[in-house]
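In terms of the working numbering, the sequence shown has 136 at position 47, counting the first letter as 1, and numbering is strictly consecutive.
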Amino acid sequence: MKYMLMMHTPSNGPYQISQWRQEDFKAHIAFMIHFTKQLGTSGELVAAEGLAGPDQAKRVRAGQDGKPITDGVFPESKEFLAGFWIVDVESPERAYAIAAQASAAPGPEGKPLNMAIEVRQVPSGPPPDMA
């Protein structure tokens, strides 16, 4: 089963991590790199990416003529998606365990952030009755 694990972070403008001490920032990034490599080694990793901050985000929709209309940036949002992993695991419980590991990434002074990780199944296709 595939699951998307989405790391949400509080928003008060650009990434708060940019305000951390250099040592804390490096430790956090090293954790994320190691964590993602472990998932790759176990064969559970499908994809993983960190995302640019909300100060660079745009919402896009089609106008009446089909051309893109953009709106944004949205720094006033309460939370934003900072990054994600897509994993292929045997059970929802394994996806939850991986999410808990990501949640405990180190923050300032090495303390676990315990940030929210949203876990959602990625279906392999439309429901059978819709195909």
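From the three backbone atoms N, C-alpha and C, an ideal C-beta is built for every residue, glycine too.
Looking only at DSSP bridge pairs, what is residue i linked to?
i, result
"Phe-173", "Met-95 and Glu-138"
"Pro-215", "Per DSSP, none; premise fails for Pro-215."
"Gln-210", "Tyr-92"
Within a Cβ cutoff of 8 Å, which residues of the same chain sit near residue i, ignoring the five residues on either side of it in sequence?
i, result
"Ala-189", "Ile-206"
"Thr-225", "The displayed coordinates of the chain run from 90 to 220. Any statement about residue 225 would go beyond what the structure contains."
"Gln-127", "none"
"Phe-120", "Ala-194 and Pro-195"
Give every residue of the same chain whose Cβ lies closer than 6 Å to the Cβ of residue i, excluding the five residues on either side of it in the sequence, and list them in chain order.
i, result
"Met-95", "Leu-170, Phe-173 and Glu-207"
"Trp-109", "Pro-197"
Residue i and residue j: beta carbons closer than 8 Å?
i, j, result
"Glu-198", "Asp-113", "yes"
"Met-93", "Arg-183", "no"
Nearest by alpha-carbon distance to residue i: which of the options is it?
i, options, result
"Pro-195", "Gln-108, His-117 and Ile-106", "His-117"
"Gly-139", "Gly-152, Pro-217 and Ile-122", "Ile-122"
"Met-90", "Pro-99, Pro-212 and Pro-217", "Pro-212"
"Ala-141", "Gly-129, Ala-151 and Ile-106", "Ile-106"
"Gly-129", "Ile-187, Asp-218 and Gly-152", "Ile-187"
"Pro-99", "Asn-203, Gln-153 and Pro-216", "Asn-203"
I'd like the list of long-range same chain contacts for residue i, defined as Cβ closer than 7 Å, with 5 residues on each side in sequence excluded.
i, result
"Tyr-185", "Val-208"
"Glu-168", "His-97, Thr-98, Pro-99 and Ser-100"
For this session: Could you tell me whether the region 125-133 touches the region 176-187, where touching means 3 or more Cβ pairs closer than 8 Å?
Result: yes
* Inspect the CB distances between the region 147-158 and the region 190-200 and report whether three or more fall short of 8 Å. => no
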